[in-house]
Structure formats: C-alpha cells, structure tokens
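J.: Dropping a structure here in structure tokens format, bear with me for questions.
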Amino acid sequence: MTALRLGQRTFGVGEFAVMAIVNRTPDSFYDRGATYAADAAYAAIDQAVADGADLVDIGGVKAGYGEPVSEDEELRRTVDFVAGIRERHPSLVISVDTYRSGVARRVVEAGADLLNDTWSGSDPDLVYAAAEFGAGLVCSHVGGLSPRTDPHRMAYDDVVEDVIRTTTGLAERAVAAGVRRDGILIDPTHDFGKNTLQSLELTRRLDELAATGWPVLVAVSNKDFIGETLELPPGQRGNGTLAALSISAWLGARVFRVHDVPAARQALDLIAVLRGTAQPAGTRRSLA
Amino acid sequence: MPVVAAAVCPHPPLLVPEVASGAAAELDELRAACLAAVDLLATADQVLVIGSAAGDASYGSTAGGSFGPYGAPSVRLGIGEPVLPLSLAIGGWLLEQSKAVHMPRSYRAVPVDAAPADCVQLGKEIAQGNDRIGLLVMGDGAPRRSEHSPVHLHPLAEAFDSTVANAFAAADADVLAALDPELAAELQAAGRAPWQVLAGALGRLQGELLYDAAPYGVGYFVASFS
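Read top to bottom, the protein sequences are chains A and B.
Residue 278 in full-length UniProt numbering is what sits at position 278 of the first sequence, and the numbering runs on without skipping anything.
Residue 154 in full-length UniProt numbering is what sits at position 154 of the second sequence, and the numbering runs on without skipping anything.
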C-alpha cells in the first residue's frame with residue numbers, strides 16, 4: 001500500500017480524498033442538468049473546493065442510456081471547462097470521466113490530472129493518453145458491458161473475485177503501457193454491470209479489493225443499489241449513501257466520488273479519527 | 001402420444017423470491033401462472049425441461065443449480081456443483097414448487113443460436129419416444145419492449161412478442177417454427193430456440209395463454225398445452 005500521487009497532490013495511506021461530481025450533461029440521473037451551463041458548473045467547482053473536495057470529476061456524457069453524445073460535443077463540454085478550472089484552482093486535482101481516448105488526450109492536455117475510465121477500458125487506447133502526459137487512471141469493472149448500456153441478468157461465480165481480476169488486470173496493463181503506478185486507482189464500479197445484491201456484496205467485501213494494494217475509489221453516491229435497498233428515489237438516498245461510503249472507508253477505500261461534498265467530508269473526517277489516522281479537532285469535554 | 005402436456009414459462013432470476021427480495025410480490029401473478037402451467041405436467045410420467053444456453057447439453061434429474069451468480073447463494077437445487085444454466089435452473093426451481101416436484105426429470109439445453117430446423121427436429125425426436133413426457137419449455141420474449149427495458153427499446157420487439165403470444169394461444173407450431181432466428185437474436189429473445197423445439201413436439205395439443213406482459217420491459221409468456 002503506497003501513496004497516491006495525482007497532479008500536485010499526494011494522498012498518503014490512511015488519508016481519505018473526496019472527489020466531487022460536476023457533470024456537464026443535461027440529463028445525468030442525479031443532478032438533471034444543474035451544472036450543464038458553464039456559469040453553474042464553475043460555481044459548483046468553487047463550492048466543492050470550499051466544502052473540502054480534493055478532486056473534481058468532470059463528466060460530459062451521461063453514464064446511462066440516453067441521447068447519443070458525439071466526441072465533438074463531449075470535447076465541447078469538457079476541454080475548455082477543464083482549462084478554466086485549472087486556471088481558477090491551480091492545485092485542485094481534476095479528473096475527467098470519459099471512455100474515449102480522443103477526449104482523454106485533449107482534456108489531459110488542457111490540465112486534467114486523472115482519467116476516470118468508467119467503462120473499463122472499452123477504448124483500449126485511453127491508457128496511452130494517461131501514459132503520455134503523466135496523468136492518473138481509474139480502472140473500472142462493468143462486467144463486459146458496452147458503454148452506456150444497462151445490466152441484464154449479469155451473473156458472476158464470485159463478483160468480488162471478478163472485480164479484482166478485471167480491475168487489477170487493467171491496472172497492470174496500464175503500468176505496462178507506461179502509466180505511473182502511483183497514479184492508478186481501482187474502482188469496483190457499483191451498479192455498472194451489477195444487480196443490487198452484487199453491489200451490496202462488493203460493499204460488504206471491499207477489504208478484499210483494498211488488500212490488492214491498489215488504491216480503491218468508490219462511487220456509491222445516490223446509486224440504484226442504495227435506492228433499491230431502501231426503496232428510495234435518487235433525491236432521498238443521501239443518508240444511505242453516507243452509510244455505504246462509511247463502510248467502504250472503514251474497509252479500506254481511499255477516494256470517494258460524491259455529489260454531497262460536505263456530508264462526505266464530515267463522515268470521512270470522523271472515520272479517519274476512529275481509525276486512528278487523524279486526531280480529533282479538539283477534546284475539551286470533561287477534561288478541564 | 002408421447003408428449004402429453006407442455007408448459008411455456010419465462011426465466012427471469014427475479015421470479016425467485018430470494019433474488020427479488022422485497023420486490024417479490026410484483027411477480028406474484030407471473031409466478032402463479034407459471035405454477036398453474038407446470039402443475040399440469042404432473043399428468044405425464046416424466047418431465048423434460050428445455051431452455052436456451054450458450055451450448056448444447058443434457059443434465060440428469062439431480063443436476064445442481066444455484067442462484068448465487070445472481071446474488072442469492074442460499075437458493076440451490078439438485079445436488080453437487082451448480083451446472084444448470086439460468087433457463088434450466090429456473091425451470092428446475094419451478095418444478096420444485098409444483099405438483100410435478102416428485103416426477104423423474106431431465107434437462108436439455110439448446111444453443112441460443114441453434115438453427116430452427118434443428119430445434120424442430122429435436123422436438124420431433126422427443127415426441128417420437130415411448131415415454132409419456134411433460135415438456136417444460138423455458139423462454140423469454142424480447143428484453144427491448146420499452147424505454148425502461150434492460151436493453152434499448154427496439155421498434156420490432158412488441159410485434160415479435162405478439163406473434164409469439166398469438167402462436168401459443170392457437171398452439172400454432174407453424175408460426176413458432178417460422179420465427180426468424182436473426183430477428184430473435186437482434187431482439188435478444190432468449191426463447192426462440194426452445195419455442196421451436198416445442199413447435200416440433202406439439203402434435204395436436206391445444207394451447208392456452210395464461211400470461212402475456214412485459215412488466216419490466218422484458219416479454220414474459222406463460223402458456224399451457226394439453
């Protein structure tokens with residue numbers, strides 16, 4: 001287990017990093033276009049930084065099934081925005097959620113530090129963009145699905161074993177392609193290519209992923225496995241999200257992709273103290 | 001008259017209550033229709049379960065099946081290593097809940113891309129035997145029926161599924177035998193090959209359509225033939 005180096009930041013073992021989601025999409029499931037416009041998107045970045053985000057994750061294409069987004073349109077939504085964020089927040093770690101190597105190359109040139117390849121290497125050339133520019137890479141698991149498709153009767157003899165084999169395989173391939181070893185994360189990618197029971201199993205056994213030694217990113221925020229478990233729509237999954245996030249942190253996850261930065265930061269700050277990797281802010285009670 | 005009764009049922013993992021958790025009640029009607037159709041197989045001397053899978057295979061009465069791959073490892077059937085593909089595992093699970101639970105049973109997987117003529121031929125061979133067989137034919141319609149389907153909406157999905165449903169109601173073996181395998185593959189209708197085995201085995205059985213709906217955007221049919 002080693003330090004994770006992204007952009008100008010280094011995240012040591014035991015340190016939790018919060019990644020704020022800022023989508024440049026008109027149709028993403030949770031924000032429904034709230035930060036599609038440039039002004040709103042920049043304001044969301046500023047707010048996320050003020051709330052304690054260490055990274056921002058910019059998405060130009062809705063993950064699920066929806067209107068097709070051309071590569072040109074994805075570039076239009078992301079490249080200038082990345083450059084603008086870099087100008088406003090020189091040390092903020094900028095991640096871009098894309099599965100296209102053409103987009104990956106351009107956003108890294110514009111200042112992105114991390115490529116969040118959510119569709120699990122569907123474009124095998126994407127790693128070279130990270131390698132060439134020294135960017136980091138998130139290696140995901142989608143059970144072999146094509147980008148922007150939904151799971152239908154996904155079956156795994158052991159979902160955790162499948163996730164470990166796939167993500168660590170992608171990570172080793174990335175290293176071989178020249179990506180910095182200390183810039184690579186693995187992500188079990190809850191809900192993608194999984195039913196709710198399988199995403200719950202991954203959450204329950206996250207320590208097995210952490211034990212691979214690769215830093216683990218979890219993206220559980222407001223996802224369907226939480227919604228189905230609690231029978232709640234996307235707008236009401238915040239408390240369930242914090243529970244899943246906290247368990248993931250306790251079991252060894254290191255980067256947390258979230259919609260609600262202050263809530264995640266607060267939970268993670270407390271967990272860091274419980275784990276003994278940080279000190280309480282102040283302990284006066286009954287001690288004076 | 002070796003095939004004395006037949007039942008057609010779909011095979012979503014969701015049919016198993018332990019897989020569906022709190023959503024189990026949503027498929028009560030479908031489950032009840034399946035069991036009504038499967039119960040009628042008890043008039044035969046033995047049951048043959050047919051479903052599609054990646055390849056051709058036969059399994060005996062005690063073949064193992066598990067819903068662990070779908071997140072419910074507590075639900076198992078048979079003994080030994082789970083070997084049954086999903087379609088046959090659901091068929092076996094339905095038999096366990098039915099009046100046909102104690103009947104001798106065997107399983108046959110047909111390749112999802114098997115040629116129609118081969119499927120029909122297999123059905124004829126089954127019907128030519130001396131045993132009085134109850135055929136449990138597992139198959140789904142298109143998972144592309146609506147905007148909220150697991151697989152993207154396909155404009156021909158509904159028409160394909162209605163053709164199938166009407167063929168079941170009329171016990172029309174010719175229509176089933178003529179289903180286009182390429183269209184079925186495009187629509188991802190897993191039932192095409194097993195239904196064509198049924199077409200070869202139907203003989204003069206009369207059909208009754210007990211269920212025809214797509215509650216999650218996947219076409220489910222239940223039919224009974226006697």
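All residues carry an ideal CB built from backbone N, CA and C; glycine is no exception.
#1: According to DSSP, is residue 184 of chain A part of a helix, a strand, or is it coil?
#2: So the candidates are A:57, A:20, A:69; which of them puts its Cα closest to the Cα of residue 27 of chain A?
#3: Do residue 156 of chain B and residue 187 of chain B have their beta-carbon atoms positioned less than 8 Å apart in this structure?
#4: Rounding to the nearest angstrom, what Cα-Cα distance links residue 7 of chain A and residue 129 of chain A in this structure?
#5: Can you find a C-beta in chain B that's less than 8 Å from the C-beta of residue 197 of chain A?
#6: I'd like to know if residue 13 of chain B contacts chain A, where contact means its C-beta is closer than 8 Å to some C-beta of that chain.
#7: So if I threshold CB-CB distances at 9 Å, which residues from the stretch 149 to 162 of chain A count as touching chain C?
#8: Could you name the residues of the same chain whose beta carbon sits closer than 7 Å to that of residue 164 of chain A, not counting the 5 residues immediately before and after it, in chain order?
#9: Specify, as a first and last residue, the run of the beta strand (DSSP E) that residue 67 of chain A falls within.
#10: Just verifying my parser: in three-state terms, what is the DSSP assignment at residue 213 of chain B?
#11: Check the DSSP bridge columns for residue 116 of chain A and list the partner residues they point to.
#12: Tell me which same chain residues have a C-beta within less than 7 Å of the C-beta of residue 175 of chain B, skipping the five on either side of it?
#13: Around the C-beta of residue 74 of chain B, are 16 or more other C-beta atoms found within 10 angstroms, so that it is buried, or is it exposed?
#14: Under three-state DSSP, which class holds residue 222 of chain B?
#15: Considering only their Cβ atoms, is the gap separating residue 194 of chain B from residue 141 of chain B smaller than 8 Å?
#16: Going by alpha carbons, who is nearest to residue 264 of chain A out of A:11, A:121, A:19, A:61?
#17: Which residues in chain B have a C-beta closer than 7 Å to the C-beta of residue 65 of chain A? List them in chain order.
#18: Is it buried or exposed, residue 273 of chain A, if we count other Cβ atoms within 10 angstroms and call 16 or more buried?
#19: Following a CB-centred definition, is residue 251 of chain A positioned closer than 7 Å to any heavy atom of the ligand ATP?
#20: Tell me, please, whether the CB atom of residue 132 of chain A is closer than 8 Å to any CB atom in chain B?
#21: Starting from the Cα of residue 28 of chain B, find the closest Cα among B:215, B:226, B:223 and give me that residue.
#22: Tell me, please, whether the CB atom of residue 201 of chain A is closer than 8 Å to any CB atom in chain B?
#23: Among A:31, A:51, A:33, A:55, which residue has its Cα nearest to the Cα of residue 257 of chain A?
#24: Here's a check: name, in chain order, each residue in its chain whose Cβ is nearer than 6 Å to the Cβ of residue 67 of chain A, leaving out the five neighbours to either side.
#25: Indicate whether residue 108 of chain A and residue 135 of chain A have their beta-carbon atoms separated by less than 8 Å.
#26: Which chain B residues sit within Cβ distance under 8 Å of residue 231 of chain A?
#27: Use the C-beta contact count for residue 170 of chain B: other C-beta atoms within 10 angstroms, 16 or more gives buried, fewer gives exposed.
T.: For this structure:
#1: strand
#2: A:69
#3: A contact, by the Cβ cut-off of 8 Å.
#4: 15 Å
#5: yes
#6: yes
#7: No chain C is part of this structure, whose protein chains are labelled A and B.
#8: Cβ neighbours of residue 164 of chain A within its own chain (closer than 7 Å, five residues either side excluded): 208, 209, 212.
#9: Here residue 67 of chain A belongs to no beta strand (DSSP E), and DSSP marks it neither H nor E.
#10: strand
#11: A:97, A:138
#12: 163, 167
#13: exposed
#14: strand
#15: no
#16: A:19
#17: 152
#18: exposed
#19: The ligand ATP is not part of the structure shown, which contains no ligands of any sort.
#20: no
#21: B:215
#22: yes
#23: A:55
#24: So the list is empty, once near-sequence residues are dropped.
#25: yes
#26: Here the neighbours are 22.
#27: Residue 170 of chain B is exposed by the Cβ-count criterion.
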